[in-house]
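In UniProt numbering, the protein residues as written are 1 to 292.
Working notes, structure below.
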């Protein structure tokens, strides 16, 4: 007997036939929900869903109508295509806690601050800007574009916001560049050519840094935080004195940032309010959590 057969028998040994049948129905139901989750925006036909999940059309049809009765799925009256319902997304949006991003990232910020002895920032996108959602101060006095928690800066200015902008989808990135270029002069950034050159460099290196020369005597480096789908949702950034970010030290700093970004990314909650409305999520967090 193979190992897989033994495991299968062990897993079902104490399960009654009715329990086993119920588990099978549940698995098929979630297979249909997952198929709808990656469907085209307009929805899918029964035939396509059945093929995707490996079930008969009759079985999928029954599952879909049971899900419609529970308001998890809806069918377009004109096209007859099936899709996940608004109620389903509303339920999903309630998952997790509203300040989850800060809660999730706080240990990484503390760890990085202790390891590097420098100030660490967590930035997330807010429309055409990046917002400092959290920070852990190091012993050295520094200046940054975002300043304290809650500060914001145009995407593309400073290492953290540049790390986010560089890895956004191309069409989205282009819109932001067009909007933000007239704003760059207020930050002392040269022009669109400079910004595009920096974005390309960040995409090639995988990080943004180190000494831009925009803030005299200051330097920084940042890496993007990717969620489980590969989207850049945030950035971890180090702000420090230029003398502390030498070419010898830079690879080590980047590596430590990347390790923490890789820990955080797959755990991010896509429905976290901080990912959609950072200032709202920040307000909720600051009224419920003391700052370390």
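We put the beta carbon where it would ideally sit given N, CA and C, even for glycine.
DSSP, reduced to helix, strand and coil, places residue 87 within a helical segment of the structure shown. Listed in chain order, the non-local C-beta contacts of residue 226 below 8 Å within the same chain comprise 167, 232, 233, 261 and 265, local neighbours out to five positions each way being set aside. Taking 8 Å as the cut-off, the Cβ atoms of residue 220 and residue 238 count as close. The Cβ atoms of residue 112 and residue 256 lie closer than 8 Å to each other. Considering only 127, 43 and 119, the residue with the shortest C-alpha distance to residue 148 is 119.
Burial check for residue 228: the Cβ neighbour count within 10 Å stays below 16, so the residue is exposed. Residue range 73-75 is occupied by the beta strand (DSSP E) that includes residue 75. Counting along the chain, residue 161 sits inside the alpha helix (DSSP H) bounded by residues 159-166. Residue 102 holds the alpha-carbon nearest to the alpha-carbon of residue 134 among 246, 115, 161 and 102. In this structure residue 87 is exposed. Its beta-carbon is surrounded by fewer than 16 other beta-carbon atoms within 10 angstroms. In this structure, 83 is the residue among 26, 178, 83 and 169 with its C-alpha nearest to the C-alpha of residue 48. Separation of residue 171 and residue 127 (C-alpha to C-alpha, rounded to the nearest whole angstrom) is 14 Å.
According to DSSP, residue pairing for residue 120 in a beta bridge involves 136 and 238. Looking at the DSSP output, residue 131 sits in a beta bridge with 124 and 152.
Beta-carbon to beta-carbon, residue 45 and residue 81 are separated by about 6 Å, close enough to satisfy the 8 Å threshold. For residue 27 and residue 53, the gap between their C-alpha atoms comes out near 10 Å. A check of alpha carbon separations from residue 200 across 222, 162 and 91 identifies 162 as the nearest. Taking a contact as a CB-CB distance under 8 Å, the pair residue 32 and residue 64 counts as one, their CB atoms being some 7 Å apart. For residue 29, the closest C-alpha among the options 67, 56, 78 and 58 is that of 67. Listed in chain order, the non-local C-beta contacts of residue 173 below 7 Å within the same chain comprise 165, local neighbours out to five positions each way being set aside. In terms of Cα proximity to residue 181, the closest of 250, 154 and 60 is 154. A distance below 7 Å between beta-carbons, with the five flanking residues on each side excluded, links residue 74 to the following residues of its chain, in chain order: 68, 83 and 85.
Here residue 82 is bridged, per DSSP, to 44 and 75. Here DSSP, grouped into helix, strand and coil, assigns residue 233 to strand. Cβ atoms of residue 76 and residue 43 come within 8 Å of each other, at about 6 Å.
A direct Cα-Cα distance of roughly 19 Å separates residue 178 from residue 152. In this structure, the straight-line span from the alpha carbon of residue 55 to that of residue 78 is close to 25 Å. For the 8 Å CB-CB criterion, residue 150 and residue 222 do not form a contact. Boundaries of the alpha helix (DSSP H) harbouring residue 196: 192-205, taken from the DSSP string.
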